[in-house]
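*Asks:* Quick one: the structure is below, and I'll ask about it shortly.
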Amino acid sequence: MTILGIESSCDETSAAVVRDGVLLSNVISSQHFHSAYGGVVPELASRAHLQAVLPIIRRALEEAGITTGDIDAVAGTQGPGLIGSLLVGLNVGKGFALGSGIPFIPIHHIEAHLFSTFLDEPHPEFPYLGLVVSGGHTLLIVVHGVGEYEFLGSTIDDAVGEAFDKVAKMLGLGYPGGPVIDQRAQRGNPTAIAFARPMIDSKDYRFSFSGLKTSVLYHLRDRAVDGILDLSESDIDDICAGFQQAAVDVLVAKVMRAVEQFQLQDIAVVGGVSANTGLGAALRARSAVSGHRVFIPDLRFSTDNAAMVARLADLKGLPADPSNLIAPAFARIGDTFFHDAS
Ligand code: KG4
Ligand code: ZN
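Structure, rendered in structure tokens:
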């Protein structure tokens with residue numbers, strides 16, 4: 016079965032082709048212009064998706080070496096994400112399916128991230144622990160199978176990627192903050208400044224990254240003399256390293272507790288923050304000792320992409336329900352996505 020996937024939930028327009036589980040193409044166009052505004056501007060994002068989407072689909076088909084007649088189904092992201100952005104890819108996908116007389120498969124963005132580790136071999140085996148770390152979400156989920164998700168916990172305030180972005184903004188490092196903090200952290204000393212590690216000892220699987228962000232804010236405020244903050248390049252490196260270490264320590268502590276409690280062997284870390292080198296190194300080091308396996312998608316599959324959308328659609332198979340053409344876009348994760356472990 017050949018599936019065209021389309022993704023436009025935030026600031027990446029992407030189209031991909033998957034045939035029988037094998038990725039044939041994955042074209043991603045990132046809207047870099049948002050950095051000038053310090054964050055994604057929703058209205059500008061939707062307009063840019065509108066301009067990019069058809070040429071991107073055309074390129075994905077060209078790179079896959081197929082024509083429209085070869086496609087058996089179209090998959091598109093429903094949400095969560097920015098509504099204006101989602102509507103572009105979702106409606107282009109539905110129009111494509113309707114015009115070609117083929118099924119449309121609506122895809123949940125978080126669910127697609129959970130299966131982004133299935134774009135390479137080997138991939139995790141069910142049941143596995145999914146840690147979703149992105150700009151909008153921080154979630155721990157036990158993945159029992161396609162469509163079978165057990166919710167363990169999430170952030171009670173900021174997502175971890177959001178904290179990276181906000182701390183980068185405080186330090187004048189631009190948007191998005193994750194990649195630049197990651198780079199600078201590699202030059203800094205992670206023990207120079209001890210930032211708060213909120214909820215690290217709580218016995219549940221909830222996170223709080225707003226407290227960590229505030230701890231960085233207070234540190235900067237305390238260092239200012241007469242309201243002026245004079246930081247050297249190496250001071251900034253140390254702040255980045257200390258902040259990243261605190262975030263990583265909390266994530267690793269909860270992941271290791273979850274795999275012990277639920278007796279899971281495999282761990283999949285997905286979403287934009289899975290690209291973080293400190294997080295990957297720390298989890299791999301801990302798992303090497305405990306005997307768990309860690310799966311982190313390749314960089315091109317960690318940030319938003321259509322390959323994961325088409326791959327999940329391929330795993331789900333063709334929909335029995337032709338009414339998928341009325342599947343709505345939605346902004347928030349929704350409470351029907353998983354059942355609660357508690
Ligand atoms: O999954 P994603 O592309 O989009 C959302 O669905 O949110 O994640 C974007 C987030 C941003 O907050 C960005 O700062 C963060 O991922 N990010 C990173 C790194 N690369 C991207 N955070 C930490 N370290 C990185 N290397
Ligand atoms: Zn995402």
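Each position in the sequence shown, counted from 1, maps to that position plus 15 in the working numbering.
Glycine residues also receive a C-beta, built at the ideal position from the N, C-alpha and C atoms.
1) Please name the residue or residues paired with Ile282 in a DSSP beta bridge.
2) For the stretch 300-307 against the stretch 95-106, do three or more pairs of beta-carbon atoms, one drawn from each stretch, fall closer than 8 Å, so that the two count as touching?
3) Is there contact here, the stretch 270-282 with the stretch 106-126, by at least three beta-carbon pairs under 8 Å?
4) Smallest Cα separation from Ser217: which of Ala239, Gly168, Ile251?
5) Report the start-end ranges of each alpha helix (DSSP H) in the stretch 174-215 that is 4 residues or longer and not cut off at the edges.
6) Please list, in chain order, all residues of the same chain as Asn320 whose beta carbon is under 8 Å from its beta carbon, the five residues on each side excluded.
7) Within the structure, which residues are defined as neighbours of the ligand ZN by a Cβ-heavy atom distance below 6 Å, reported in chain order?
8) Can you tell me where the alpha helix (DSSP H) holding Pro57 begins and where it ends?
9) Taking the C-alpha atoms as reference points, what is the distance between His128 and Ala239?
10) If you measure from the CB of Phe179, is any heavy atom of the ligand KG4 nearer than 6 Å?
11) Might you give, ordered along the chain, the residues of its own chain that have their beta carbon closer than 7 Å to the beta carbon of Ala342, omitting 5 neighbours on each side?
12) List the residues that DSSP assigns as beta-bridge partners of Arg34.
13) Quick one: does the C-beta of Asp264 sit closer than 6 Å to a heavy atom of the ligand KG4?
14) Should Val304 be labelled buried (16 or more other beta-carbon atoms within 10 Å of its own) or exposed?
15) Tell me the start and end of each unbroken beta strand (DSSP E) in the stretch 71-133 that is at least 3 residues and wholly inside, in chain order.
16) Asn41: beta carbon under 6 Å from a heavy atom of the ligand KG4?
17) My assumption, with CB atoms under 8 Å, is that His138 sits in contact with Phe310. Please give the rounded CB distance.
18) Looking only at its chain, what residues have a beta carbon closer than 8 Å to the beta carbon of Asp219, apart from the 5 residues adjacent to it on each side?
19) To the nearest angstrom, report how far apart Ser191 and Pro57 are at their CA atoms.
20) Pro70 to Asp85, Cα distance in whole Å?
21) Going by CA-CA distance only, name the one from Asp135, Phe48, Leu59 that's closest to Met323.
22) Regarding Pro205 and the ligand KG4, is the C-beta to nearest heavy atom distance less than 6 Å?
23) Drop a sphere of 10 angstroms on the beta-carbon of His152, count the other beta-carbons inside from all chains shown, and report buried for 16 or more, exposed for fewer.
24) For the structure I just gave you, are there three or more beta carbon pairs, one from the stretch 322-336 and one from the stretch 231-246, closer than 8 Å?
25) Just checking, does the stretch 196-214 make contact with the stretch 240-257 on the three C-beta pairs under 8 Å criterion?
26) Between Ala344 and Leu19, is the Cβ-Cβ spacing less than 7 Å?
27) Comparing the CB of Ala261 with every heavy atom of the ligand KG4, is any distance shorter than 6 Å?
28) Between Asp173 and the ligand KG4, is the CB less than 6 Å from at least one heavy atom?
29) Express the C-alpha separation of Val274 and His307 in angstroms, rounding to a whole number.
30) In whole angstroms, give me the CA-to-CA distance for Arg62 and Phe210.
*Replies:* Put simply:
1) Beta-bridge partners of Ile282 (DSSP): Leu144, Val309.
2) Result no; under three Cβ-Cβ pairs closer than 8 Å.
3) Cβ pair count under 8 Å is below three, so no.
4) The shortest C-alpha to C-alpha distance from Ser217 to any of Ala239, Gly168, Ile251 is the one to Gly168.
5) Counting only runs of 4 or more, we get 175-185, 192-202.
6) For Asn320, where only same-chain residues beyond five positions count, the Cβ hits under 8 Å are Glu22, Glu27, Ser29, Ala31, Asn41, Ile43, Ser131.
7) Taking a cut-off of 6 Å from the heavy atoms of the ligand ZN, the residues with a C-beta inside it are His124, His128, Ser149, Gly286, Asp319.
8) That run of the alpha helix (DSSP H) goes 57-79.
9) Taking the straight line from one Cα to the other gives about 41 Å.
10) At least one heavy atom of the ligand KG4 is nearer than 6 Å to the Cβ of Phe179, so yes.
11) If we look at Ala342 and ignore the five residues flanking it on each side, its Cβ neighbours are Gln93, Pro121.
12) Per DSSP, Thr17, Val37.
13) At a threshold of 6 Å, Asp264 does not count as near the ligand KG4, since its beta carbon sits no closer than that to any of the ligand's heavy atoms.
14) With fewer than 16 Cβ atoms within 10 Å of its Cβ, Val304 is classed as exposed.
15) Counting whole runs of 3 or more residues, the stretch 71-133 contains the beta strand (DSSP E) stretches 88-94, 119-123.
16) Set against 6 Å, the gap from the CB of Asn41 to the closest heavy atom of the ligand KG4 is not smaller.
17) About 6 Å; that satisfies the 8 Å criterion.
18) Excluding sequence neighbours, Asp219 sits near Gly168.
19) The question names Ser, but residue 191 in the sequence shown is Pro. Roughly 15 Å separates the two Cα atoms.
20) Distance between the alpha carbons of Pro70 and Asp85 is about 18 Å.
21) Nearest of Asp135, Phe48, Leu59 to Met323, Cα basis: Asp135.
22) Incorrect: Pro205 has no Cβ contact closer than 6 Å to the ligand KG4.
23) Of the residues assessed, His152 falls on the buried side of the cut-off, its CB having 16 or more other CB atoms within 10 angstroms.
24) Judged by Cβ distances under 8 Å, the stretch 322-336 makes no contact with the stretch 231-246, as fewer than three pairs qualify.
25) Touching, yes, given that three or more Cβ pairs across the two stretches are closer than 8 Å.
26) Taking 7 Å as the Cβ cut-off, Ala344 and Leu19 do not qualify as a contacting pair.
27) No, the beta carbon of Ala261 sits no closer than 6 Å to any heavy atom of the ligand KG4.
28) No; taking the cut-off as 6 Å, the Cβ of Asp173 has no heavy atom of the ligand KG4 nearer than that.
29) Spanning the two alpha carbons is a distance of roughly 8 Å.
30) Looking at the two C-alpha atoms, the distance is approximately 40 Å.
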